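Numbering (the working numbering), first residue to last: 286 to 666. Virtual Cβ for every residue (Gly too), placed ideally from N, Cα, C. Here the structure is a predicted model, which is why all the values come from computation and not from measurement. Remarks on the structure that follows.
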Amino acid sequence: FSFFKVIAWVLIGTFVVHFVLRAFWVGLVGLHAVYPEGIRYENLPWQTDLSKKITQQNFGQLTDYILRLDRLSNQIFSFAFLIALMGIGISLIYTVLFVGTNPNAFPDWMGNHKIRSLVFLGLVLAVALMPAVAQLLSRRENLLRIPWVKNFVAKTIKYAPGLILPLVYRPLTYINLIYSSNVSRKRLFSTLALATTLVMGAVLWVFANKLMELRGRDLFVRQAYFGENNTTYKLYPAHYDQLRQPNNLMPALTIQSDVVEGPVLRLFVAYRKWLDGPLEKHCGQLQLPKDLGKNAQRIMKDSFNMACLSGFFQLSVNDSVFTQPDWAFYTHPETGSHGLLGYVPTTGFQTGKNILSIRIPSTAKPDSLVVYGQLPFWFYR
Numbered sequence: 286f287s288f289f290k291v292i293a294w295v296l297i298g299t300f301v302v303h304f305v306l307r308a309f310w311v312g313l314v315g316l317h318a319v320y321p322e323g324i325r326y327e328n329l330p331w332q333t334d335l336s337k338k339i340t341q342q343n344f345g346q347l348t349d350y351i352l353r354l355d356r357l358s359n360q361i362f363s364f365a366f367l368i369a370l371m372g373i374g375i376s377l378i379y380t381v382l383f384v385g386t387n388p389n390a391f392p393d394w395m396g397n398h399k400i401r402s403l404v405f406l407g408l409v410l411a412v413a414l415m416p417a418v419a420q421l422l423s424r425r426e427n428l429l430r431i432p433w434v435k436n437f438v439a440k441t442i443k444y445a446p447g448l449i450l451p452l453v454y455r456p457l458t459y460i461n462l463i464y465s466s467n468v469s470r471k472r473l474f475s476t477l478a479l480a481t482t483l484v485m486g487a488v489l490w491v492f493a494n495k496l497m498e499l500r501g502r503d504l505f506v507r508q509a510y511f512g513e514n515n516t517t518y519k520l521y522p523a524h525y526d527q528l529r530q531p532n533n534l535m536p537a538l539t540i541q542s543d544v545v546e547g548p549v550l551r552l553f554v555a556y557r558k559w560l561d562g563p564l565e566k567h568c569g570q571l572q573l574p575k576d577l578g579k580n581a582q583r584i585m586k587d588s589f590n591m592a593c594l595s596g597f598f599q600l601s602v603n604d605s606v607f608t609q610p611d612w613a614f615y616t617h618p619e620t621g622s623h624g625l626l627g628y629v630p631t632t633g634f635q636t637g638k639n640i641l642s643i644r645i646p647s648t649a650k651p652d653s654l655v656v657y658g659q660l661p662f663w664f665y666r
């Protein structure tokens, strides 16, 4: 978002500058058509010979100025397009890396997402380093005499950059080659460094501004002593079926109401997709006998999955842990979220406020638990 917003600003700003310069250029071309001789310094009124000479040295011929103005307007727009293409290329690389390392972007049969991410990043790094390796090999005349090395260098220089920056590689390279072959290296690098610094500064500013907008949208209307998003002391309507609005997101843990009466508490624990990895480590894989029928295999698999989830989710009310609650697979009718529906007897609940918690094994510390969902409720007999 930040890159594309800054790219839009760059293109709009340079288009305006280019349009103004081009309009000025058109006006000068029109004047030159009317007055082909351009500026006649010898006919300037109210000036001495010395001032006429200085003015002529300062402004020169009209045709030269028109040519310089035409070149400047073209360079501004093409350089802005170069920066825009670089930003689009960086955005594409970021998108590919994000999708490639996202554990939910690929099905489970493709293996562990950490190993898959490492393999993917290794391939991306290898492709990114191939042009540099090819340039180094191209400087070794003795190695280029080997046919496969020469073929590797040629193919890499020709195709590898296109794999790194698809869609924008050819137009970006055309503009880059023109500038690098016609502009001095010092001027080119200093201009690119300045432009890159300004663009990246603008990107960081947009990102920080958006982050503060999302984080501090209620900064000037928030009461100083109000709750700081703690589930122990703050009531969230989305946690309770009775209070939830249709546009609320389904949290990890929900119950039917904030006030519980009767012998049983009904709760719903949402099954997030990212839990597949921790569940596989916790429960392992089920080996189904091949001689069982399809229906028997489904029953056996459901029984294994239920036992796995029952041991994975640790349910507690206040300080009391319920080791064997009654669970059932359930799809929530409002949101279509898959999860577990549980029934807990209320005999041990204290009158008044209680804290319901669901904890799961920590991925960082296998012997510890982390809170997956937590909410307060009030119980009265």
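ask   = DSSP three-state call for L654: helix, strand or coil?
value = strand
request  = Mind reading off the beta-carbon distance from S595 to G633? Whole number of angstroms is fine, and I expect it under 8 Å.
outcome  = Incorrect: roughly 19 Å between the Cβ atoms, too far for contact.
task = Measure the CB-CB distance between I681 and L313 and report whether it falls below 9 Å.
result = Because the chain in this structure spans residues 286 to 666, residue 681 falls outside the shown range and cannot be described.
key: Cutoff 6 Å; reference T616; Cβ partners in own chain excluding five residues on either side   = H623
ask   = For the stretch 432-443 against the stretch 456-468, are there 3 or more C-beta pairs whose distance is under 8 Å?
value = no
inquiry  = Can you find the residues in the same chain that come closer than 7 Å, C-beta to C-beta, to M415, ignoring five residues on each side of it along the sequence?
reply    = T441, A445
inquiry  = Please determine whether the Cβ atom of L421 lies at a distance below 8 Å from any heavy atom of the ligand ATP.
reply    = Among the components modelled here there is no ligand, and therefore nothing to report on the ligand ATP.
message = For Y525 and N639, what's the separation of their Cα atoms in angstroms?
response = 14 Å
message = Determine whether the beta carbon atoms of G627 and V554 lie at a separation below 9 Å.
response = yes
request  = Report the option in P610, I297, T636 whose CA atom is closest to the CA atom of A369.
outcome  = I297
request  = Let me know the secondary structure DSSP gives Y665 once reduced to three states.
outcome  = coil
message = For a test of the three-state rule: what should DSSP assign to Q599, helix, strand or coil?
response = strand
task = Identify which residue in G385, L410, I431 has its Cα closest to the Cα of R401.
result = G385
query = Can the beta-carbon of G268 be found closer than 9 Å to that of L450?
reply = The structure shown has nothing for residue 268, since the chain only spans 286 to 666.
key: F614 and M591 closer than 9 Å at C-beta   = yes
key: Inter-residue Cα distance where the pair is A581 and L534   = 36 Å
inquiry  = How far does the beta strand (DSSP E) with D611 in it extend, from its first residue to its last?
reply    = 611-616
query = Whole alpha helix (DSSP H) runs in the stretch 405-433 with 4 or more residues, listed along the chain?
reply = 426-429
ask   = Helix, strand or coil: which one does DSSP assign to L441?
value = Checking the sequence shown, residue 441 turns out to be Thr, not Leu. In this structure, T441 counts as helix in the three-state DSSP scheme.
V602 burial status per 10 Å Cβ neighbour count (16 or more: buried) = buried
message = Do V629 and R644 have their beta-carbon atoms positioned less than 9 Å apart in this structure?
response = no
request  = Go ahead and pull the three-state DSSP assignment for L573.
outcome  = coil
inquiry  = How far does the alpha helix (DSSP H) with K638 in it extend, from its first residue to its last?
reply    = No alpha helix (DSSP H) contains K638, which is instead part of the beta strand (DSSP E) from 637-646.
Cβ-Cβ distance between Y464 and L457 below 9 Å = no
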